[in-house]
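> Residue numbers (my numbering), protein chains in the order written: chain A, 1 to 318; chain B, 1 to 282; chain C, 1 to 325. Just dropping this structure here.
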Amino acid sequence: MPLLSVEGLSVEFRTRDGIVKALDRVGFEIRRGETVGVVGESGSGKSVTAFSIMRILDPAARITGGRAVFDGLDLLSATEREIEGRRGRHLSMIFQNPRTALNPIRQVGRQIGDVLLRHAGVSRGAVRSRAVELLAQVQIPDPERRYWAYPFELSGGMCQRVMIALALACGPSLLLADEPTTGLDVTTQAAIMDLIDDLARARRMATLLITHDLGLAALHCERIVVMHAGHVVESAPTAALFANPRHPYTAKLIAATPKPGASLDELAAIPGGLPDLRGALPACRYSPRCERYAPFCDEPLPLLVPASGHTVACWKPL
Amino acid sequence: MTAAALRHARYVVTENPITLVAFSMLVTLLFLALVGPALAPYDPLKSDTANTLKPPSARHWFGTDQLGRDMLSRVMVATRLDMAIAFLAVALSFAVGSLAGACAGVFGGWTERIVSRISDTIMAFPLFVLAMGIVAALGNSVFNVILATAIINLPFYARMARAEANVRREAGYVEAARLSGNSTMRTLVVHIYPNCLPPMMVQVSLNLGWAMLNAAGLAFIGLGVRPPTPEWGILVAEGASFILSGEWWIALFPGLALMLAVFCFNLMGDGLRDLIDPRRRT
Amino acid sequence: MDTLLEVASVSKRFPVTVKGAARGSEHFLQAVDDVSFSIGRGECVGLVGESGCGKSTLVKLITRLLDTSDGRIWFDGQDIGTVPADGFASVPQRALIQMVFQDPTDSLNPRFTAFDTIADPIRRLGGIRGSRNVSERVLALADMVGLPRELLGRYPHQLSGGQKQRVGIARAVALEPRLLVLDEPTSALDVSVQAVLLKLLDDLRRRLGMSYLFVSHDLNVVRLLADRVLVMYLGRIVERGPVSLVFERPRHPYTRALLSCIPDPGGGAAGRRIRLSGEPRSPIDPDPKVCRFYGRCPDGHDRCAQEMPLLRPVGAEHLAACHLA
Numbered sequence: 001m002p003l004l005s006v007e008g009l010s011v012e013f014r015t016r017d018g019i020v021k022a023l024d025r026v027g028f029e030i031r032r033g034e035t036v037g038v039v040g041e042s043g044s045g046k047s048v049t050a051f052s053i054m055r056i057l058d059p060a061a062r063i064t065g066g067r068a069v070f071d072g073l074d075l076l077s078a079t080e081r082e083i084e085g086r087r088g089r090h091l092s093m094i095f096q097n098p099r100t101a102l103n104p105i106r107q108v109g110r111q112i113g114d115v116l117l118r119h120a121g122v123s124r125g126a127v128r129s130r131a132v133e134l135l136a137q138v139q140i141p142d143p144e145r146r147y148w149a150y151p152f153e154l155s156g157g158m159c160q161r162v163m164i165a166l167a168l169a170c171g172p173s174l175l176l177a178d179e180p181t182t183g184l185d186v187t188t189q190a191a192i193m194d195l196i197d198d199l200a201r202a203r204r205m206a207t208l209l210i211t212h213d214l215g216l217a218a219l220h221c222e223r224i225v226v227m228h229a230g231h232v233v234e235s236a237p238t239a240a241l242f243a244n245p246r247h248p249y250t251a252k253l254i255a256a257t258p259k260p261g262a263s264l265d266e267l268a269a270i271p272g273g274l275p276d277l278r279g280a281l282p283a284c285r286y287s288p289r290c291e292r293y294a295p296f297c298d299e300p301l302p303l304l305v306p307a308s309g310h311t312v313a314c315w316k317p318l
Numbered sequence: 001m002t003a004a005a006l007r008h009a010r011y012v013v014t015e016n017p018i019t020l021v022a023f024s025m026l027v028t029l030l031f032l033a034l035v036g037p038a039l040a041p042y043d044p045l046k047s048d049t050a051n052t053l054k055p056p057s058a059r060h061w062f063g064t065d066q067l068g069r070d071m072l073s074r075v076m077v078a079t080r081l082d083m084a085i086a087f088l089a090v091a092l093s094f095a096v097g098s099l100a101g102a103c104a105g106v107f108g109g110w111t112e113r114i115v116s117r118i119s120d121t122i123m124a125f126p127l128f129v130l131a132m133g134i135v136a137a138l139g140n141s142v143f144n145v146i147l148a149t150a151i152i153n154l155p156f157y158a159r160m161a162r163a164e165a166n167v168r169r170e171a172g173y174v175e176a177a178r179l180s181g182n183s184t185m186r187t188l189v190v191h192i193y194p195n196c197l198p199p200m201m202v203q204v205s206l207n208l209g210w211a212m213l214n215a216a217g218l219a220f221i222g223l224g225v226r227p228p229t230p231e232w233g234i235l236v237a238e239g240a241s242f243i244l245s246g247e248w249w250i251a252l253f254p255g256l257a258l259m260l261a262v263f264c265f266n267l268m269g270d271g272l273r274d275l276i277d278p279r280r281r282t
Numbered sequence: 001m002d003t004l005l006e007v008a009s010v011s012k013r014f015p016v017t018v019k020g021a022a023r024g025s026e027h028f029l030q031a032v033d034d035v036s037f038s039i040g041r042g043e044c045v046g047l048v049g050e051s052g053c054g055k056s057t058l059v060k061l062i063t064r065l066l067d068t069s070d071g072r073i074w075f076d077g078q079d080i081g082t083v084p085a086d087g088f089a090s091v092p093q094r095a096l097i098q099m100v101f102q103d104p105t106d107s108l109n110p111r112f113t114a115f116d117t118i119a120d121p122i123r124r125l126g127g128i129r130g131s132r133n134v135s136e137r138v139l140a141l142a143d144m145v146g147l148p149r150e151l152l153g154r155y156p157h158q159l160s161g162g163q164k165q166r167v168g169i170a171r172a173v174a175l176e177p178r179l180l181v182l183d184e185p186t187s188a189l190d191v192s193v194q195a196v197l198l199k200l201l202d203d204l205r206r207r208l209g210m211s212y213l214f215v216s217h218d219l220n221v222v223r224l225l226a227d228r229v230l231v232m233y234l235g236r237i238v239e240r241g242p243v244s245l246v247f248e249r250p251r252h253p254y255t256r257a258l259l260s261c262i263p264d265p266g267g268g269a270a271g272r273r274i275r276l277s278g279e280p281r282s283p284i285d286p287d288p289k290v291c292r293f294y295g296r297c298p299d300g301h302d303r304c305a306q307e308m309p310l311l312r313p314v315g316a317e318h319l320a321a322c323h324l325a
């Protein structure tokens with residue numbers, strides 16, 4: 001029984017230029033303790049997916065279909081009250097820019113305290129020591145003193161650790177990590193990802209890692225879901241995905257990522273750009289850019305069933 | 001280019017109903033300012049002792065005052081003076097204040113110290129009292145009212161421009177401008193300063209209302225513009241003494257006109273900023 | 001190799017106020033400390049390092065947006081360090097040293113169309129008169145960088161990240177500079193766009209005969225374009241040499257740690273990952289006798305805290321600043 005099962009998730013945004021069909025029938029699942037990566041470029045819809053699951057979408061957004069069943073409850077159709085009961089406690093999220101995700105005028109220790117008071121039912125007296133404990137768990141040196149620090153006094157890496165402490169305060173069973181290390185140095189990135197891995201393993205926590213960095217996903221995820229323009233195009237265990245990518249976009253993405261040993265000529269560019277998500281879209285949103293396009297590619301693609309094997313949304317896979 | 005600008009202007013005005021209302025009111029006011037004197041049914045200065053203190057009627061829509069002058073004509077003609085004072089004062093204040101502030105923000109050092117000290121000095125006084133002082137010292141004239149109003153509004157623009165320029169000083173495109181061979185002064189004028197403008201547009205609009213109230217206030221207490229020149233403040237002052245005896249229309253209509261004008265400027269703020277900011281262009 | 005840029009013992013200090021310090025005491029943040037290197041004609045030199053290593057400051061010193069505290073900078077045989085940064089805009093060398101910025105959004109004036117942005121350097125320093133001639137040059141540049149001509153009338157907020165960056169590149173090469181500094185030009189872009197722009201940059205370098213100083217935190221990207229690489233840590237150069245040597249046989253512990261942290265998109269773990277403990281030392285009033293990496297370094301001897309290691313040869317044209325290398 002998967003911990004989270006997303007099926008047929010479709011989301012639209014109303015903008016002054018028309019309706020943007022940001023997500024179209026997105027589906028995947030995560031089991032307890034598993035780390036799944038959602039990989040895609042900007043505009044692929046990976047962040048929107050996470051925001052939909054957490055129900056923190058922009059007011060201009062509308063979920064037009066699908067289910068996201070988390071531990072028996074469909075998050076998409078649940079009431080605000082039911083969501084609040086889950087959010088922060090069983091299901092939590094960390095964001096891309098740690099400094100802007102933290103309240104700039106409140107000490108970090110107090111922010112952790114707020115979460116503990118609200119969701120973990122910790123008594124007022126015990127809050128400070130619990131918060132300091134959490135700061136130590138995320139390997140912030142001198143946690144007693146750093147309790148009183150403001151976000152601007154901390155480096156990017158430290159702010160991200162604070163955010164992790166905030167997210168893990170109530171021991172959630174699922175962590176959504178939206179580009180947690182973008183903008184951080186490589187060494188800091190490695191340290192933060194190791195921290196997340198260690199904590200996840202110790203608490204048997206599932207992690208949904210959203211990133212545009214294929215290499216990062218390769219290193220930390222057991223399975224990878226590849227998204228393009230609001231569609232899930234491929235889903236497979238990591239090793240299988242890299243050894244044998246079946247969707248042309250996945251193959252191109254792998255080929256476009258610089259890697260040791262490859263030369264500049266071998267670096268493949270992906271022609272064209274993201275389709276305009278307003279207006280009429282072809283059944284396969286990658287087809288305008290695909291060199292393998294054939295007329296039958298215009299047939300509507302089947303709903304990608306969330307499964308543990310290697311699935312691909314393509315009429316002419318590699 | 002201009003066709004696109006006009007299209008953008010039309011879009012901004014029609015997108016938000018409030019902007020549309022404000023814009024229509026502004027157009028009406030400008031129209032009255034320009035042609036008011038020609039359209040006024042009666043000569044605003046001509047007294048008619050047979051018809052004093054008459055309430056609003058078909059012949060005199062706004063009634064007549066204590067000298068028998070038609071209130072409607074007086075209110076209409078006053079529009080020009082009030083609008084002129086407001087616009088000129090704000091224009092002067094804006095031009096000098098924002099440039100000084102931008103220079104202070106970019107150059108720092110002594111420029112910033114001098115501009116800041118002058119701003120602080122001005123702000124140390126209750127602004128209306130300062131305006132009173134300036135007009136009293138320099139003499140009662142329209143120009144001095146404009147000058148006084150401009151001076152007391154300088155600090156707002158200077159501060160805002162300084163903050164905006166300070167932030168943009170570090171922007172990538174400013175460095176790129178220097179790499180392209182722009183001197184520091186040119187970078188300030190061509191690259192930094194125009195980008196500081198959009199946030200100040202809302203301030204300009206609010207300021208117009210304020211400047212108008214300021215001028216009216218000064219006239220109300222007898223400084224600056226003197227009767228018999230029609231000006232809303234003076235009209236309200238003259239009408240004030242008649243309210244208790246029941247002739248409410250002499251003070252009400254100019255007061256209403258003043259209120260509507262200030263209201264219109266306040267609503268215009270957002271619309272103006274959208275007009276100037278290229279990011280709002282689609 | 002014919003030297004285009006020569007940097008000798010360059011340093012930059014910023015005065016700072018330190019909380020709780022004695023009154024009247026002066027404190028300095030040592031952003032760049034005793035840096036020396038050279039760039040040859042037509043060469044691409046990579047500069048890697050993490051945040052706080054001083055690469056941004058070094059870039060500003062080289063492009064003369066900032067004045068040095070110590071040291072000399074020679075460009076094409078001329079000492080350009082003596083001209084103050086404020087006055088550099090009117091010097092002939094201004095056109096010859098240009099830069100491509102990291103953030104495509106921040107580096108374009110929001111009120112200028114793409115055309116105006118590219119035309120600015122041409123109008124200021126290009127020596128081209130007449131709007132028709134300027135137009136021609138701008139159109140030629142747009143073609144050269146693969147920017148569709150119809151996008152020239154657009155404002156930055158109407159362009160995608162990749163398109164904005166092309167505008168930035170066109171602006172930078174408009175004056176046919178000899179040295180182009182690229183400050184993380186593709187790190188804000190998607191992988192697919194990055195691939196295209198990297199090829200474009202490589203192509204432009206050969207076509208226009210420019211030298212590059214390519215700053216990046218992404219070592220895989222540096223590996224693709226650079227001939228030689230400099231590794232910086234806390235204001236000092238800790239290792240430098242040909243790209244292949246430095247990447248395959250890194251001799252400085254920091255370079256080793258950096259390389260081990262790069263995720264490998266091939267799917268395999270990139271060897272044993274070296275975890276660095278703690279935070280970098282403070283760059284304020286650093287002790288000139290202690291190695292900057294001491295404390296975080298997985299290796300470390302007493303000598304490292306008594307004598308600052310200097311760059312010394314460890315291979316063919318390969319230098320490292322470590323007592324244990």
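Quick reminder that beta carbons are idealized off the backbone N, C-alpha and C, glycines included. Being a predicted model, the structure only gives us computed values, none of them experimental.
Sort C:Phe115, C:Val134, C:Val59 and C:Ser107 by Cα distance to C:Ile97 and report the nearest one.
In the third sequence, the residue the question calls residue 97 of chain C occupies position 97. Closest option to C:Ile97, Cα to Cα, is C:Val59.
> Which residues in the same chain have their Cβ closer than 8 Å to the Cβ of B:Leu258, if we skip the five residues on either side of it in sequence?
Walking along the second sequence from the start, residue 258 of chain B turns up at place 258. For B:Leu258, where only same-chain residues beyond five positions count, the Cβ hits under 8 Å are Asp82, Met212, Leu213, Ala216, Trp232, Gly233 and Val236.
> From the DSSP output, read off the bridge partner residues of A:Thr15.
For the purposes of this step, residue 15 of chain A is taken as residue 15 along the first sequence, with counting starting at 1. A:Gly18, per the DSSP bridge assignment.
> Based on the DSSP output, what are the partners of A:Arg62 in its beta bridges?
Within the first sequence, numbered from 1, the residue matching residue 62 of chain A stands at position 62. Beta-bridge pairing links A:Arg62 to A:Glu12.
> When the cut-off is 9 Å and only beta carbons count, does B:Arg80 lie next to chain C?
For the purposes of this step, residue 80 of chain B is taken as residue 80 along the second sequence, with counting starting at 1. No, no contact with chain C.
> Between A:Leu264 and chain C, is the shortest Cβ-Cβ distance under 9 Å, so that the two count as touching?
Start at 1 with the first residue of the first sequence, and residue 264 of chain A comes out as number 264. Judged by the 9 Å Cβ criterion, A:Leu264 is in contact with chain C.
> Would you mind telling me which residues of chain A sit closer than 7 Å to C:Ser51, beta carbon to beta carbon, in chain order?
Translated into the one-based positions of the third sequence, residue 51 of chain C becomes position 51. Asp185, listed in chain order.
> Quick check: what's the CA-CA separation for A:Gly37 versus A:Ala229?
Numbered from 1 along the first sequence, position 37 holds the residue referred to as residue 37 of chain A. Numbered from 1 along the first sequence, position 229 holds the residue referred to as residue 229 of chain A. Each residue's Cα considered, the two are about 17 Å apart.
> Quick check on the burial criterion: 16 or more other C-beta atoms within 10 angstroms. Buried or exposed for B:Val167?
On the second sequence, position 167 is the one that residue 167 of chain B refers to. It is exposed - the Cβ of B:Val167 has fewer than 16 other Cβ atoms within 10 Å.
> In whole angstroms, what is the alpha-carbon distance linking B:Ile276 and B:Pro194?
Counted from its first residue, the second sequence places residue 276 of chain B at position 276. Counted from its first residue, the second sequence places residue 194 of chain B at position 194. Taking the straight line from one Cα to the other gives about 10 Å.
> If you compare alpha carbons, which of A:Ser235, A:Ser5, A:Arg86 and A:Ala262 is closest to A:Tyr249?
Your numbering for residue 249 of chain A matches position 249 in the first sequence. Among A:Ser235, A:Ser5, A:Arg86 and A:Ala262, the Cα nearest to that of A:Tyr249 is on A:Ser235.
> Applying a beta-carbon distance threshold of less than 7 Å, which residues of chain B neighbour C:Gln98?
In the third sequence, residue 98 of chain C corresponds to position 98, counting from 1. Ordered by position in chain B, the residues that pass the 7 Å Cβ test against C:Gln98 are Leu179.
> Are the beta-carbon atoms of A:Arg99 and A:Pro141 separated by less than 9 Å?
The sequence position of residue 99 of chain A within the first sequence is 99, counting from 1. The sequence position of residue 141 of chain A within the first sequence is 141, counting from 1. No. Outside cutoff.
> For B:Ser93, count neighbouring Cβ atoms within 10 angstroms of its own Cβ and tell me buried if that reaches 16, exposed if not.
Residue 93 of chain B sits at position 93 when you count from the first residue of the second sequence. Burial call: buried.
> Locate the beta strand (DSSP E) running through C:Gln93, then write down its first and last residues.
Numbered from 1 along the third sequence, position 93 holds the residue referred to as residue 93 of chain C. No beta strand (DSSP E) contains C:Gln93, which DSSP labels as neither H nor E.
> Measure how close the beta-carbons of B:Ile105 and B:Ala165 come, nearest whole angstrom, since I'm counting them as under 8 Å.
Translated into the one-based positions of the second sequence, residue 105 of chain B becomes position 105. Translated into the one-based positions of the second sequence, residue 165 of chain B becomes position 165. Note on residue identity: the sequence assigns Gly, not Ile, to residue 105 of chain B. Right, their Cβ atoms sit about 3 Å apart.
> Look up C:Gln30 in the DSSP assignment and give the residues it is bridged to.
Looking up residue 30 of chain C in the third sequence gives position 30. Paired residues: C:Arg13.
> Using a Cβ cut-off of 7 Å, which residues of the region 192-214 of chain C contact any Cβ in chain A, in chain order?
Residues passing the 7 Å Cβ filter: Ser192, Ala195, Val196, Leu198, Lys199 and Asp202.
> Taking one C-beta from the region 144-158 of chain B and one from the region 75-95 of chain C each time, how about it: are there three or more such pairs within less than 8 Å?
Counting Cβ pairs under 8 Å, fewer than three are found: no touch.
> In its own chain, which residues sit with a C-beta less than 6 Å from the C-beta of A:Leu57, not counting the 5 before and 5 after it?
Counted from its first residue, the first sequence places residue 57 of chain A at position 57. Excluding residues within five positions, the ones whose Cβ falls inside 6 Å are Phe51.
> Please check if any C-beta of chain C sits within less than 9 Å of the C-beta of B:Glu175.
The sequence position of residue 175 of chain B within the second sequence is 175, counting from 1. Interface residue, yes.
> Tell me which residues of the region 154-174 of chain B have at least one Cβ-Cβ distance to chain E shorter than 7 Å, keeping chain order.
Checking the listed chains, one finds no chain E in this structure; the protein chains it contains are A, B and C.
> Answer with yes or no whether the minimum CB distance from B:Gly183 to chain C is below 9 Å.
Looking up residue 183 of chain B in the second sequence gives position 183. The sequence shown places Ser at residue 183 of chain B, rather than the Gly named in the question. Yes - at least one Cβ of chain C is within 9 Å of the one on B:Ser183.
> Assuming A:Gly272 contacts A:Pro288 (C-beta within less than 8 Å), just tell me the rounded distance between them.
Locating residue 272 of chain A in the first sequence gives position 272, counting from the first residue. Locating residue 288 of chain A in the first sequence gives position 288, counting from the first residue. About 6 Å separates the two Cβ atoms, so the contact holds.
> Using a C-beta to C-beta distance shorter than 7 Å, which residues of chain C count as neighbours of B:His191?
Here the question's residue 191 of chain B lines up with position 191 in the second sequence. Chain C residues near B:His191: Asn109.
> Against C:Asp86, what residues of chain B qualify as contacts under a CB-to-CB distance less than 7 Å, listed in chain order?
For the purposes of this step, residue 86 of chain C is identified with residue 86 of the third sequence, where counting begins at 1. Near C:Asp86 (Cβ distances below 7 Å), the residues of chain B are Thr184.
> Is the region 246-265 of chain C touching the region 206-222 of chain A, taking contact as three or more C-beta pairs under 8 Å?
Judged by Cβ distances under 8 Å, the region 246-265 of chain C makes contact with the region 206-222 of chain A, as three or more pairs qualify.
> Does any residue of chain C have a CB that is nearer than 9 Å to the CB of A:Asp71?
In the first sequence, residue 71 of chain A corresponds to position 71, counting from 1. So, not an interface residue.
> I want to verify the contact list: residues of chain C whose CB lies under 7 Å from the CB of B:Pro227, in sequence order.
Counting from one through the second sequence, the residue named residue 227 of chain B turns up at place 227. The contacting residues do not exist; B:Pro227 stays about 47 Å from chain C at best.
> Could you pull out every unbroken alpha helix (DSSP H) segment of at least 4 residues lying fully inside the region 127-198 of chain C, listed in chain order?
If we require 4 residues or more, the alpha helix (DSSP H) runs fully inside the region 127-198 of chain C come out as 131-144 and 161-173.
> For C:Phe28, which residues of its own chain have a beta-carbon under 8 Å away from its beta-carbon, when the five flanking residues on both sides are left out?
Position 28 of the third sequence holds residue 28 of chain C. Taken in chain order, the residues that qualify are Arg13, Phe14, Pro15, Val16, Ile284 and Asp285.
> How would you list, in chain order, the residues of chain C whose beta-carbon sits under 9 Å from the beta-carbon of B:Asn195?
Position 195 of the second sequence, counted from the first residue, corresponds to residue 195 of chain B. Here the neighbours are Asn109, Pro110 and Arg111.
> Can you say whether B:Val27 is buried or exposed, counting buried as having 16 or more other CB atoms within 10 angstroms of its CB?
The residue labelled residue 27 of chain B in the question sits at position 27 within the second sequence. Per the 10 Å Cβ criterion, exposed.
> What do you reckon, are the CB atoms on C:Asp67 and C:Pro92 nearer than 9 Å?
Residue mapping note: residue 67 of chain C aligns to position 67 of the third sequence, counting from 1. Residue mapping note: residue 92 of chain C aligns to position 92 of the third sequence, counting from 1. Taking 9 Å as the Cβ cut-off, C:Asp67 and C:Pro92 do not qualify as a contacting pair.
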